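Everything on this sheet refers to the single structure shown next.
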Amino acid sequence: MSTLGRKSHEHDAIVKTYARLAADYDVRWPFYVDATTRATIARLSVRPTDRVLDVGCGTGALLHQLSVIHPQAQLFGIDPVPEMLAIARGKLPASIALYDGWAERLPFRDEPFDIVVCCNVFHYIRQPVAALREMTRVLRRGGQLVITDWCDDYLACHICDRYLRLFDRAYYKAYREQECRHLFKQAGYLNVDIERYKISWLWGLMTAKATKRTV
Ligand SMILES: C[S@@+](CC[C@H](N)C(=O)[O-])C[C@H]1O[C@@H](n2cnc3c(N)ncnc32)[C@H](O)[C@@H]1O
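Numbered per numbering that gives the first Met the number 0, the sequence shown spans residues 0 to 214.
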């Protein structure tokens, strides 16, 4: 049985943390949320009618921007915290379907999505390889998997990571570029394109992009 089958303390901590933060999330970190979601969208190749799943969609910032830029795309979001989903529901068009669930066990059949995107979530995921495999399972062959998260190669992120590991029970870890590459390899990807970049003088991210094999 997976840790999600049992009740895990870490998952409880995530749910409690984001249930508490949900109402203020958008106003508390407006620059960060806007910059990270824009940077991620800039690295997606969306065709007009693509089916796009946002894993850990939170309050729906990325889905909202995508719905404006690609009004014909079919958009879907999933997050384990009902309070975050409620904020997303309030701001998103009714055509965007939202689901309650975890990256490590997605409630979808195999291969319905053209793109699976996951932004600012990976540092919470206890089973990163299982999550990558699960996101790959729901992706069509030739579809894109795009993950943006903190990059532990940057000093500010590295310091923050060490602090949060000690004091925040919801937090898991940030990865270095090489560690991220290794996770994708373990999940079965032969190639992953990882870009490191800064969104401010202080804060650095990385976006990893990989294509699901066609055979
Ligand atoms: C920092 S917020 C990011 C929300 C949104 N993606 C954004 O960029 O604004 C992290 C989100 O990840 C969700 N989350 C944490 N662990 C998760 C997991 N294992 N699977 C799916 N979502 C998760 C949380 O509920 C929270 O909404």
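Glycine is no exception: its CB is placed at the ideal position from the N, C-alpha and C atoms.
Since this is a predicted model, take the numbers as computed values, not measurements.
Query	Result
Range of the contiguous beta strand (DSSP E) that encloses Tyr196	Asp192 to Lys197
Straight-line Cα distance separating Cys118 from Leu138	17 Å
For Gly141, the residue or residues it bridges with in DSSP	DSSP output for Gly141 lists no bridge partner at all.
CB contact flag (Ile95, Leu43, <8 Å)	no
4 or more residues per run - each alpha helix (DSSP H) lying fully within the segment 20-99	24-27, 29-41, 60-68 and 81-90
Rounded C-alpha distance that separates Lys211 from Arg136	9 Å
Whole-angstrom C-beta distance between Val14 and Val120, which should lie under 8 Å	So it is not a contact: roughly 14 Å between Cβ atoms.
Spatial distance of Cys150 from Ala173 (CA atoms)	6 Å
Beta carbon of Leu103 nearer than 8 Å to that of Gln126	Note on residue identity: the sequence assigns Glu, not Leu, to residue 103. A contact, by the Cβ cut-off of 8 Å.
Proximity test, Val137 beta-carbon vs ligand 2 heavy atom, cut-off 7 Å	Ligands displayed in this structure: ligand 1; ligand 2 is not among them.
C-alpha distance - Met0 paired with His10, whole-angstrom precision	Bear in mind that the predicted position of Met0 carries a pLDDT of just 38, short of 50, making it too unreliable to give a figure here.
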